[in-house]
Every structure is written in structure tokens, then in C-alpha cells.
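If you count by my numbering, then the sequence shown holds residues 2 to 983, one letter each, in order.
Presented below is the structure to which this report refers.
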Amino acid sequence: MGRAHTWCDERLPLLSAVGAQLTDREVMEYALTQAVSELGGIAGAVHWSCGPAGSHELRLVLAGGLPRSVLRDWEEIREGDPALAPARAVQDAAFVWMPALDGHGPDTGSARPYAYGRLPRATMVAAVPLFAEGAPVGALSVFTGPGAPTAEQRGFLVRMARWASGRLSAFSPVAGRAHPWWQQQPVASGVRQALVAATVGSWEWDIRTGEMVWDAAGLTLLGIPEDYEQRIESWVGLIHPEDVPRVMAATQEALHGHGVYEAEYRVCRPDGTTGWVQSRAHLVLDGRGEPIRMIGRVWDTTESRIARESVGQALRFMSDAFLAVNREWRITFLNVEAERLVGPSVDVLGGPLWDGPAGLVPGLEARCRHAALDGTPAGFDLRWPTDGRWYHIRLVPGPDGLTAYLTDVTDTRNRAARREAAERSAAEQAARIRGLTSALAEAVTTDDVVRVAATHMLSPFAASGLLTQVLEGERLHVVGAAGYPQAFLHKIDGIAAADSHPLLHDVLASRQPRFISSAEEYVELAPGLAGYPALAEKNAWALLPLIASGEPNGVCVVAFAEPHRFSDDERTLLATLSGMVAHALARARLYDAEHARAQALQRGLLPQDLPTPSAVTAAVRYLPASSGTEVGGDWYDIIPLSAERVALVIGDVMGHGLAEAATMGRLRTAVHTLANLELPPEEVLAHLNDIVGDLGDDSFATCLYAVYDPASGVCSMARAGHPPPLLVRPDGTVECLDIEPDPPLGAADPPFTTAELRLPGHSLLVLYTDGLVESATRDIDVGIAECSRVFATDLGHRLAVPGRPPPARGPGENHREDRRRLDRLCDTLIDTMLPAQQLTADDTAVLVARLHRTAPENIAVWRLPDEPVAASLARDHVRGRLREWHLDELVMTTELLASELVGNVVRHAKGPVHLRLLRGRSLICEVSDGSATTPRIRRAAEMDEGGRGLQLVAALSQRWGTRYTADGKCIWTEQPIPPQRS
């Protein structure tokens with residue numbers, strides 16, 4: 002890199018400034034001389050395309066370093082010959098480096114030992130194109146040894162050729178010149194004399210005769226007159242006595258090895274001055290392969306040698322270790338600091354680098370070889386095996402090997418490590434605080450806070466237990482713990498803060514944390530609690546007060562299974578974290594209290610005990626929202642109706658809060674009242690719609706009202722904005738009963754639509770609110786589909802399909818078993834759709850009802866004539882059927898009830914008249930007619946003939962009533978069946 006800068010970056014600007022005084026031939030001669038010198042070549046040549054037009058020949062027009070006789074086969078070459086470097090350079094218009102041999106080398110069986118003149122086989126040629134008018138018309142070539150030119154040398158050669166090409170004048174007579182540039186005569190100018198003085202000298206030694214001839218430049222370099230004795234002894238006499246053995250050894254090695262001669266040595270000039278010169282030469286062999294002549298070049302290296310020695314001195318005593326190795330990884334130089342690491346120079350210089358301590362450094366050899374192969378500098382830190390210190394090594398590959406600089410960075414690394422450890426500790430503390438802050442922000446209940454505290458305070462500190470106690474009155478109660486035996490928790494739960502545990506009392510009183518490093522220290526501080534460490538299985542404690550709003554609310558104890566010394570960082574961090582836990586815990590306790598009150602209110606508004614009608618076996622679940630403290634408006638109901646029928650109701654008041662809960666209570670009450678009036682579903686919803694509408698424009702509710710008749714299996718239902726029910730048939734198939742919906746209550750415009758469905762006995766009807774199937778992350782249609790799939794699972798199918806059919810009368814044991822199965826089914830449905838770890842924003846109600854059919858043998862229906870004889874026929878039918886049913890005890894009262902009801906129809910209403918008896922948990926007697934007039938009990942005077950029939954009906958039956966039918970009305974009575982008959 003330095004030489005390229007010296008010759009090219011400095012010389013070319015100088016020549017450009019004074020080059021106007023040089024002829025074209027002098028420019029090219031100088032370029033050739035500098036190129037040979039820069040590449041360390043043995044000779045140089047310039048070829049030019051100067052034959053007849055279209056001849057495509059290159060002619061040797063300049064040569065240096067070798068006689069023209071040696072290059073006789075290079076005099077004329079064809080431009081298209083790819084085996085010759087000058088032709089290849091012109092053809093490719095680029096730098097080439099290739100052997101001087103032609104295509105008939107030894108590998109192809111040629112018997113010729115040499116190629117092109119007398120050049121050795123190892124001779125290589127570096128050639129670059131010369132341009133004229135933008136086209137390659139010639140080549141500048143340098144004959145070198147086998148070593149490839151470096152990138153810097155290639156760059157120099159290309160730039161020198163470009164400079165020379167640019168300096169050439171037109172080379173044809175048309176341009177005004179009588180002769181081509183290579184035929185120009187030199188001029189005697191000062192510039193030329195300076196160039197000659199600074200040029201490279203040439204010499205030739207006849208080995209057989211001992212004659213040695215120098216050119217003018219060589220004589221100038223050596224400082225000897227032109228009339229010197231042209232003998233080899235004259236040259237040897239100029240060499241400094243200390244350098245003679247080395248120069249002679251290099252000469253003998255070249256002669257015996259038929260290789261390139263190269264040596265740098267001092268010359269003692271006749272004028273008394275001394276300087277350094279570099280000489281390089283090659284041999285000319287005879288026909289037998291014996292050397293007969295040595296032809297070489299010489300140039301002055303005094304300045305560069307002085308510079309290298311100065312650099313060497315600086316490197317020798319620099320504070321950083323410095324060493325150099327050659328291509329065989331043998332140490333060629335090391336300074337004083339490197340000797341301390343690698344070994345004394347006298348012992349290691351010239352030896353392989355890897356035989357010393359460097360070979361013990363893991364990965365160093367591989368990385369050095371990679372840097373040398375890649376040719377790119379590399380740097381990394383390593384630990385030296387002899388002193389254990391850290392060094393930063395900088396590897397710089399070069400053409401002759403690799404150099405390494407080692408800087409001691411141990412103190413720097415230690416400071417960086419301490420700084421990094423401090424930064425890491427601060428970052429870890431900040432991360433823990435951020436993590437705990439984020440987790441506590443999501444913690445809602447006291448259990449959540451304790452769980453979060455245990456997660457973020459045990460593992461990071463390698464602790465084994467966390468205990469949280471809150472102060473209620475004068476006692477400390479355990480609200481959460483992790484890693485403690487249950488026996489210990491029972492012992493300290495509810496202890497008096499002032500008397501039972503002086504350590505906790507001191508922490509609360511002082512509001513300062515206390516850190517206890519061992520069980521011995523614990524016993525020393527509190528002798529009365531000597532058994533606590535063993536019972537708790539702990540040996541170190543951090544007692545942290547929980548201060549919120551300026552008041553101590555409790556203590557948080559972080560305990561360790563082994564003795565533990567608390568660092569300052571740990572003390573600070575634990576105290577900080579305990580403050581965050583204190584505020585979160587205070588907030589969570591307020592939430593718990595409010596949530597408990599809200600849930601109590603919700604439970605009070607929902608049915609406490611569900612009726613158990615024979616028509617259905619039911620199970621219900623209510624799940625309040627897990628996020629937020631406000632109560633919801635979901636409700637459900639099972640309302641027994643006449644004739645063993647049952648009303649199934651589920652609804653949802655939109656919104657959350659006390660107002661919504663109150664609305665839910667009002668709607669529940671209204672539904673019970675409307676159901677007792679035996680109104681059909683569409684009329685019930687119409688009245689509810691009026692109630693919700695009266696509450697204001699912002700009040701809305703959804704509701705599904707269904708009436709199931711076990712005698713016919715018909716289920717009449719209407720829904721106002723409510724999700725559709727699911728039907729699980731006895732064979733396990735699931736169907737969504739997507740009957741036509743009406744708008745929600747408060748937004749609907751009656752009339753409502755009622756759908757009548759005939760459902761198979763033992764089917765399962767599933768009613769639910771939207772909280773089960775809809776959420777912010779789940780669409781309602783997707784939720785309904787997922788809910789349906791629950792019943793298709795093995796467990797869902799086993800629980801949903803009916804077991805043994807219940808007996809004809811009464812629930813019995815089979816009803817109770819079915820109720821247990823439905824309870825498990827509700828739990829499975831809730832657990833699947835609403836996992837415990839999933840926060841829900843809405844409350845959920847589920848009502849699952851098994852539908853039972855009344856057995857045909859328990860139903861008796863007769864049509865009666867619309868005549869007075871109808872009463873007598875009614876008594877006969879009743880008497881006969883009750884005896885079949887073994888209900889003789891009820892014959893008299895039932896005959897009287899039927900006779901009275903039928904007589905009223907004949908007298909006051911119109912036909913057709915029907916009589917129906919139903920045997921279930923009670924005996925039901927129904928008389929229906931085609932009139933819509935509702936009978937009412939009235940007080941009869943003593944002289945009135947009528948008005949006492951309904952009083953008699955009310956007195957003889959357990960309850961009675963009237964309901965409207967599609968054709969008129971039905972008056973019904975119920976009588977209890979004796980237990981042994983039911």
C-alpha cells in the first residue's frame with residue numbers, strides 16, 4: 002500500500018507537471034522502468050500494433066532488463082494469441098497475469114524445456130493494455146517470478162499504463178510526426194537527467210568469464226566511474242563486509258537452484274558514502290540447462306530502509322504487543338511486549354507461531370488462517386494463556402504473511418463488566434417493577450394480587466414462601482400464602498397484632514421493613530416464637546409493611562428456605578415491590594367487598610328454590626360477570642301452570658347495575674303474575690314490553706317465554722330479541738330452534754309471534770342468555786355452534802340423553818338421578834364455554850329442562866252433549882275412570898265437581914263441551930266449552946237459586962281456575978291424590 006502511494010500517487014502528479022519536456026519515447030521508457038521496479042520484475046517490454054493495416058500483429062518496440070536477443074521470440078506476436086499475455090491484455094482490454102509459456106508446456110508432452118527465448122519456466126507475465134483514441138493498441142508487460150502481484154501493484158500498473166497512454170502524442174505521420182514515437186531520439190533535458198538519476202540500473206554477469214557490465218543508471222547508483230574494471234570482483238568489493246556472506250549465499254542459492262536471485266545489501270561507494278540497494282536477477286541457461294549469465298536490475302532502497310528501521314524501532318518498543326509471521330506461519334518479527342507473551346526472540350524467532358502459547362488459545366489459529374485466506378483485517382478479544390489477561394488482537398493480512406497487534410483490554414473489560422452488571426441490575430429491577438405493575442393492574446381480587454405477588458417476588462429472589470396478612474381490627478388475618486405448610490397458616494391466622502407476634506407488630510408500628518438472615522437471628526429477636534421457623538420450614542425472612550393511603554394495612558412476608566444475606570439492592574427492591582402490592586391489595590379488598598354485596602343482591606333477586614313439576618326435570622346455573630362489581634340483569638324461572646303444564650322463562654336486562662337488577666326483579670314479578678293468568682306467550686311478552694317501555698327509552702330487555710304441555714307434547718314459545726334455544730332429542734341429535742324472533746322488549750311493536758312445536762318426550766330443552774355464547778372475541782353464531790358441539794362430546798352425550806324413563810306418577814328416584822345428570826351437564830357446559838381463567842364481561846344464565854310426556858293411560862277425554870243430560874254422563878265417566886285408576890276415595894268429590902262444571906256450561910255457555918281427567922301428582926278435572934265468558938265467584942243471597950256452584954268448586958278442590966283456549970275456555974280443578982295412590 003505504501004509503495005503504491007510513493008510511486009503512483011506522488012510520482013504521477015510530478016511527472017504531469019514537468020512531462021511536457023519529455024518525448025513520447027521517454028515517457029514510455031520511464032513508465033516501463035517504474036513498472037518493473039514496482040512489481041519487482043526481472044524485465045519489461047512494450048508491444049505496439051504497428052504492422053500494416055489489418056495485420057493484427059503486436060511488435061516489441063521497447064524492452065528493459067533483458068537483451069533483445071533473449072526476447073527474440075517476443076518480437077512479433079499475433080493479437081489473437083490467447084497464450085501470450087500482451088495479446089491477451091489487448092484482446093480483453095484489461096490486466097492479465099499468466100505464465101510466459103505458450104500452449105506447448107510439459108503437460109502436453111512437448112520436449113522443449115523453455116519457451117520464448119531463454120526465459121525460465123517459472124517466469125510469469127503481468128500485462129496491461131495501452132490505449133490510443135480510446136482503443137487498446139498495445140501492451141506494457143512485466144516479467145516476474147511466480148509470486149502474484151498484490152492488488153496495490155496491479156492498481157499501480159494499470160494507473161501507470163493509463164498515464165503513459167494519455168501522455169503519448171499521435172503515433173502516425175498523419176498527426177504531424179515524421180517517425181513513430183518509439184523511433185524518437187532522446188533530448189538532453191534536465192528533466193530527463195533527473196529521471197535517469199532516479200531510475201533503476203541494469204547489470205549483466207557472465208558467469209563463465211566473470212565479466213560484469215553495468216549500465217549508466219547502475220553506475221550512478223553504485224557511485225563508480227565508467228572506466229571501472231568490469232569484473233564480478235569489483236562489484237563484490239563494493240558490498241559492505243557485514244552483508245557479503247548473506248549476498249554470496251543468495252547468489253549461490255540462485256545458481257544451484259536455477260531460481261530468481263534477490264538480495265538487499267549495503268554498498269560502500271568510492272566517495273565514502275554508504276547506501277542500501279535492492280537487486281533482483283534471473284539466470285540465462287545454456288542448451289544443457291547450466292547457467293551461463295545472470296541478468297538483473299538494482300535500485301536504491303536507502304530511504305525506504307531508513308523508514309523501515311524507524312518503524313521497526315517504534316514497533317519494537319511500542320506499548321502494544323506486535324508480531325509478524327510469514328506465509329508458513331513462522332515468526333519473523335516481534336517486539337518487546339510480544340516477547341513477554343510469546344517468548345524471547347532468540348527462542349521463538351523463525352519458529353512456528355502455533356508451537357508457543359498462541360497455539361493454546363481456542364479458535365485463534367482458525368481465525369488467523371481465515372483472515373489470511375480472506376485477505377481482510379479482523380479483530381476480536383481473546384484471553385492469553387500465560388498471564389490470564391484479556392487482549393484485543395488486530396489481524397492485518399499482507400502479501401508476505403500476517404501481522405498481529407495485541408492491546409491489553411483487561412481493565413477496560415473489567416470496567417465494562419462492572420458497568421454492564423450495574424446496568425443489568427438496574428434494568429432487571431426496572432423490568433421487575435414494570436412486570437409487577439402491569440400484572441397488578443390486571444389483578445382484580447385479593448387472590449389475584451397474592452398470586453401475582455408470589456409470581457413476581459418468589460422466583461426472582463430465589464425465595465420459597467410468601468405470606469400476606471391484613472389488619473382487621475387488632476388482628477392479622479391470612480388472605481393469601483404460597484409455600485407455607487397449612488399447619489403454620491392455621492396457627493398464625495387471626496393472631497393479635499400487638500401481643501402474639503412482636504416482630505410483625507414492630508414492622509406495623511415503625512412502618513419500616515425488617516430483614517432477618519437466619520433462624521438464629523429470628524429466635525434472638527423473638528424468643529417467644531422459637532418454634533415458628535421450624536413449623537414454617539423457613540430460615541430467612543423479609544418482613545415488609547403494607548402501607549396504603551398512609552396507613553398500615555398488613556404485612557407481606559417473603560421467606561427463604563435457607564439462610565440469606567440481603568443485599569442493598571434486594572432490600573430496596575423488596576421495599577418498593579411491597580408498596581405496590583399494598584396499594585393493589587387495598588384496591589382488591591374493596592373490590593371483593595363490593596363484589597360480594599353485588600352477588601348477594603343478585604342471588605336474592607333470582608329464584609331461591611325451583612319448583613319441581615312433573616312435566617320437566619330441570620337444572621339451572623347462574624354465573625356473574627368475572628370483571629366488574631356491578632350486578633347483571635339475567636334471570637330464569639320455572640312456573641307451574643294448570644293441567645301439569647309448565648312455563649319456562651329466561652331473560653336478560655341489557656346493562657349492569659342496580660337499576661338493571663331492579664328492572665329484572667320487576668319483570669320476574671310481572672311474569673309470575675301474567676303466567677298465573679294463563680295468558681299465552683305472545684300476550685305475556687306484550688305486557689312485558691309495556692313495562693320495559695315505561696322505564697324509559699334507554700331500557701331494553703330480551704326474553705324467551707315457553708309453555709310446555711306434557712299431555713300433548715306441544716311447546717308454545719315466543720322470544721323477544723333472545724338467543725334461540727337448543728333441543729337435544731332423545732337420540733342425542735342437537736337442533737337449534739331458530740324460531741322467528743321479535744325485537745327486544747322496549748323496542749318491539751306488538752303483536753309478538755308464538756311458535757308451537759311438538760317435541761318428543763324425554764327431549765332436552767336448553768335455554769341460555771347471550772353471556773354463554775357471545776363475547777368480544779366470539780360471534781354469537783360461532784358461540785351457538787360451539788355450544789351445540791358440547792352435547793356431541795362423549796361426556797355431553799352421556800349426560801344429555803335420557804336414562805331410564807321416570808315412572809308414570811311423581812318424580813321418584815329416577816327424577817332425582819336425572820336431576821344430578823343435568824346438574825353435571827350444566828357444569829360441563831359452563832366449564833367448556835366459559836373457562837375459569839377467562840374473564841367474562843357479562844353474566845350468564847342457563848336453564849336445562851328434560852321434557853316428560855304424560856302417559857296416555859293417565860289421560861281420559863270425553864265429548865258431552867250440550868244438554869242437561871251431560872251432567873249425568875259426566876258423573877258416569879268420572880266414576881268409571883277413577884275406579885280404573887283405583888282412586889275410589891276421590892269419586893264422590895270428582896263427580897260433584899264435574900257435574901257442577903258441566904251444569905254451568907249447559908246453563909250459561911255454549912258447546913261443544915268436553916270433559917278431561919288427568920292423573921299425575923294430582924287429579925285434574927277439566928271442562929271446556931266454546932264460550933269466552935269467564936266465570937266468577939259471587940256472593941249469593943239466601944233466597945237465590947244459583948250463584949253457589951263455584952263456591953262449591955272452590956271448597957272441594959285444592960285449587961281451580963280458568964284458562965282461555967283457541968276455541969273458548971277451560972275451567973279446571975285440582976285435587977290431591979292420596980300418597981299411596983300417587
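Note that beta-carbon positions come from the ideal geometry of N, C-alpha and C, so glycine has one too.
- Looking at the DSSP output, Pro-100 shares a beta bridge with Met-125.
- Runs of the alpha helix (DSSP H) lying entirely within the region 634–700 and spanning at least 4 residues, in chain order: 659–677 and 682–695.
- Glu-58 is positioned such that its CB atom lies closer than 8 Å to that of Arg-79.
- The criterion of a C-beta distance shorter than 8 Å is satisfied by Leu-728 and Leu-766.
- DSSP, reduced to helix, strand and coil, places Ile-785 within a helical segment of the structure shown.
- A contact between stretches requires three or more CB pairs, one per stretch, nearer than 8 Å, and the region 867–876 meets this requirement with the region 901–908.
- Between the beta-carbon of Val-62 and that of Trp-183 there is about 4 Å, and that keeps the pair under the 8 Å contact cut.
- The secondary-structure analysis by DSSP pairs Pro-137 across a beta bridge with Phe-132.
- With contacts defined by Cβ atoms closer than 8 Å, Leu-316 and Val-343 do not form a contacting pair.
- Annotated three-state conformation of Leu-902 is helix, per DSSP.
- The Cβ atoms of Leu-383 and Val-397 lie no closer than 8 Å to each other.
- Under the DSSP definition of a beta bridge, Tyr-485 lacks any partner.
- With fewer than 16 neighbouring CB atoms inside 10 Å of its own CB, Met-249 falls in the exposed class.
- For Asp-382, the pairing in a beta bridge is given by DSSP as His-393.
- For Ala-282, DSSP records a beta bridge to Tyr-262 and Gly-297.
- The alpha-carbon separation between Leu-131 and Gly-42 amounts to approximately 19 Å.
- Beta-bridge partners of His-48 (DSSP): Leu-61 and Ala-140.
- According to DSSP, Asp-710 shares a beta bridge with Val-715.
- Here the alpha carbon of Asp-287 sits roughly 31 Å from the alpha carbon of Val-268.
- In this structure, Met-834 lies near Leu-773, with their beta-carbon atoms less than 8 Å apart.
- Note that the C-beta distance between Ala-498 and His-506 is below 8 Å.
- In this model, Ser-700 and Trp-961 are separated by some 37 Å (Cα to Cα).
- Here the region 250–263 makes no contact with the region 224–233; the two share fewer than three CB pairs at distances below 8 Å.
- For Glu-76, there is no enclosing beta strand (DSSP E), as DSSP marks it with neither H nor E.
- Given a length threshold of 4 residues, each whole run of the alpha helix (DSSP H) inside the region 530–610 is given here in chain order: 533–537 and 569–606.
- Residue pairing by DSSP places Ile-240 opposite Val-268 in a beta bridge.
- A check of alpha carbon separations from Thr-124 across Ala-379, Ala-64, Gly-260 and Ala-133 identifies Gly-260 as the nearest.
- Contact annotation, Ala-464 with Phe-334: C-beta distance approximately 59 Å; criterion of less than 8 Å not satisfied.
- Take the alpha-carbon of Ala-359 and the one of Gln-154: they are about 32 Å apart.
- When the Cα atoms are used, Asp-412 and Ala-405 turn out to be separated by approximately 21 Å.
- Beta bridge pairing from DSSP links Glu-421 with no other residue.
- The alpha-carbon of Thr-151 is positioned some 55 Å away from that of Ala-431.
- Between Arg-572 and Phe-516, the alpha-carbon positions lie close to 8 Å from each other.
- Here the alpha carbons of Val-928 and Ala-899 stand approximately 7 Å from one another.
- Using a Cβ distance threshold of 8 Å, Glu-645 and Pro-614 count as a contacting pair.
- A straight line joining the alpha-carbon of Ala-88 with that of Arg-168 spans about 22 Å.
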